[in-house]
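So the structure is just underneath, and the comments pick up after that.
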Amino acid sequence: MTDANLLMKARAALKAVEAPGGDIVSCGAIEGLSATTGGVVRFTLNADKAGANAQALLERARAAVEAVEGVSRVAAVATAHRAQTAPAGGHANPFALDKKPRIEKAAQELAGVKNVIAVASGKGGVGKSTIAANLAVALGALGYRVGLLDADIYGPSLPTLFALSGKPDIVEGKIRPVEKFGVKSMSIGLLVDAERALAWRGPMVMGAIRQLIGDVEWGALDYLIVDTPPGTGDAHLTLAQSKRLTGAIIVSTPQEMALADVRRGVELFRKTNVPILGVVENMAWLETAPGEKTHLFGKGGAQAAARDLGAPFLGALPIEPDLRIACDEGVPIAFRAPGSTIAAALSALAEKIAARVS
Numbered sequence: 074m075t076d077a078n079l080l081m082k083a084r085a086a087l088k089a090v091e092a093p094g095g096d097i098v099s100c101g102a103i104e105g106l107s108a109t110t111g112g113v114v115r116f117t118l119n120a121d122k123a124g125a126n127a128q129a130l131l132e133r134a135r136a137a138v139e140a141v142e143g144v145s146r147v148a149a150v151a152t153a154h155r156a157q158t159a160p161a162g163g164h165a166n167p168f169a170l171d172k173k174p175r176i177e178k179a180a181q182e183l184a185g186v187k188n189v190i191a192v193a194s195g196k197g198g199v200g201k202s203t204i205a206a207n208l209a210v211a212l213g214a215l216g217y218r219v220g221l222l223d224a225d226i227y228g229p230s231l232p233t234l235f236a237l238s239g240k241p242d243i244v245e246g247k248i249r250p251v252e253k254f255g256v257k258s259m260s261i262g263l264l265v266d267a268e269r270a271l272a273w274r275g276p277m278v279m280g281a282i283r284q285l286i287g288d289v290e291w292g293a294l295d296y297l298i299v300d301t302p303p304g305t306g307d308a309h310l311t312l313a314q315s316k317r318l319t320g321a322i323i324v325s326t327p328q329e330m331a332l333a334d335v336r337r338g339v340e341l342f343r344k345t346n347v348p349i350l351g352v353v354e355n356m357a358w359l360e361t362a363p364g365e366k367t368h369l370f371g372k373g374g375a376q377a378a379a380r381d382l383g384a385p386f387l388g389a390l391p392i393e394p395d396l397r398i399a400c401d402e403g404v405p406i407a408f409r410a411p412g413s414t415i416a417a418a419l420s421a422l423a424e425k426i427a428a429r430v431s
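Each residue of the sequence shown is one higher than the one before, counting from 74 in this note's numbering.
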C-alpha cells in the first residue's frame, strides 16, 4: 500500500538535489516516484531531462532518499540513453549505454564464435531458460567450446541457474565472462544490483544486448547459446539484426495457449531470415508410476505445431522434479547427474542441434 506521508518526505528530499536546470523534481527528471507502507521508495531518474551525469546524479538522489526517516530501501534506476565518458586515467564503463549503432562492431567482436543460437519461447513459464542452461552444459560435455548469454534484461535467470554472484572482472575495457560448468557465461544480473528493477525503455534494452554481445570477451567458441526473453520483442529484433544468428530453437509446452505464441515466434524469426533449428516440447508428461505417463498439459501439441509450421521437431522432455531441484540449487542437471534420464535426454537434444548446425 502507498504511504502518502513517506511519499511527501521522499519528494522533499529529492527536491533538495540540485541539477543544472534547477532541482531534479522541478525539471521533471524524477518519474514513477512511489513509497510503500513497508518503507520502500522507488523512482526513475530521466537523466536526459536532468542534463547531468546520470550515475552521479542517481547516487546523490538515492542517498538523499535513504536519509529520510522511515525509508527501509530505495529502488532507483536511471533511464538516460546517452554515452558516458571515461574517467581521467581510466576506461569508460564498458556497460555504459550509447546511441551509436553497435551491430557491426558486435558482429566483428564475435569473430571467434562459430555459431550463435537463440533459445526462444513465445510465452514465459515454459522452461526455456532451464533448457538453454542445460543445453549449454550438455554441448560442453560433448567437447564443444560453449558460451551462454542471458539476454533477458528484465528477468535474468542465469545467476540462479548457475549460482553466480558478484561482479565480473573487467580487463582492458572488456567484461570477462564467468566460467562455470565448462561454460563461459554472462548475464545482466551480474552487472546490476539484484534488488533493483530495471525501468529501461526499448532502446536501452537493445543497447544493453548489443553490449552484452560486443563488450564481453567471449573468445573462441563453437557455440554461443542465447537465452532470450519470452515473447517477440526488442531483444529478438536486436539479435536478428546483428546478422550473427545461426538459428533459433523454439521451446513450448503442449497446450494451445503456449502454441499460439510459438507460431508468432517462428514467424518473427522467419521474417528476419533466421533459420528455425527446431521446436522442443517441454513438460510433455509426468511419470506418475514406472512406465505410466500423465500428460498434464495435453499431448503432442508442440510436435503437431512444428509439423504444421514446417519446422523440425527436436523432441519432448518430461516434467522432472530432480531438474527443478537442480535449478533451484544452481547446479544444472546435465552437470550434477549426467547419467540421469533427463540429462541423457538433454544430451541427445544437444547432439541433434549440433548435427543440424553442421
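Positions of the beta carbon are idealized from the N, C-alpha and C atoms, including for glycine.
| Item | Value |
| --- | --- |
| Quick one: measure Cβ to Cβ for L390 and A357, integer angstroms, because I've assumed they're closer than 8 Å. | 6 Å |
| Could you compute how far the alpha carbon of C400 sits from the alpha carbon of L183? | 29 Å |
| Which runs of the alpha helix (DSSP H) spanning at least 4 residues fall entirely within the segment 305-358, listed in chain order? | 307-314, 329-344 |
| Kindly identify the DSSP beta-bridge partner or partners of N188. | Y296 |
| When DSSP labels each residue in this structure, what does G213 get in the three-state scheme? | helix |
| So for A236, helix, strand or coil by DSSP? | coil |
| Kindly indicate the opening and closing residues of the alpha helix (DSSP H) around F408. | 406-409 |
| Note down the Cα distance separating A321 from A417, rounded to an integer number of angstroms. | 22 Å |
| Would you tell me roughly how many angstroms separate the C-alpha atoms of E91 and S145, rounded to the nearest one? | 24 Å |
| Among residues of its own chain, excluding the 5 on either side of R218, which ones have a beta-carbon nearer than 7 Å to its beta-carbon? | A293, L294, D295 |
| State the DSSP-derived secondary structure class of L396, mapped to helix, strand or coil. | helix |
| When burial is assigned at 16 or more other CB atoms within 10 Å of the CB, is M279 buried or exposed? | buried |
| Would the beta-carbon of A137 fall within 8 Å of that of A214? | no |
| Taking only the alpha-carbon atoms, compute the straight-line gap between K240 and A379 and give it to the nearest angstrom. | 40 Å |
| Let me know the beta strand (DSSP E) ranges lying completely inside the segment 80-120, each 3 residues or longer, listed in chain order. | 103-108, 113-118 |
| Which residues bound the alpha helix (DSSP H) around A417? | 414-430 |
| Only counting the same chain, and skipping five residues up and downstream in sequence, which positions put a Cβ closer than 7 Å to that of F370? | T326, P327, Q328, M356 |
| For my contact list, D334 and S202 are in at a C-beta cut-off of 8 Å; report their separation, rounded to the angstrom. | About 16 Å separates the two Cβ atoms, so there is no contact after all. |
| Could you compute how far the alpha carbon of R283 sits from the alpha carbon of R336? | 26 Å |
| Given a cut-off of 8 Å on the beta-carbon distance, is the pair K316 and V289 in contact? | no |
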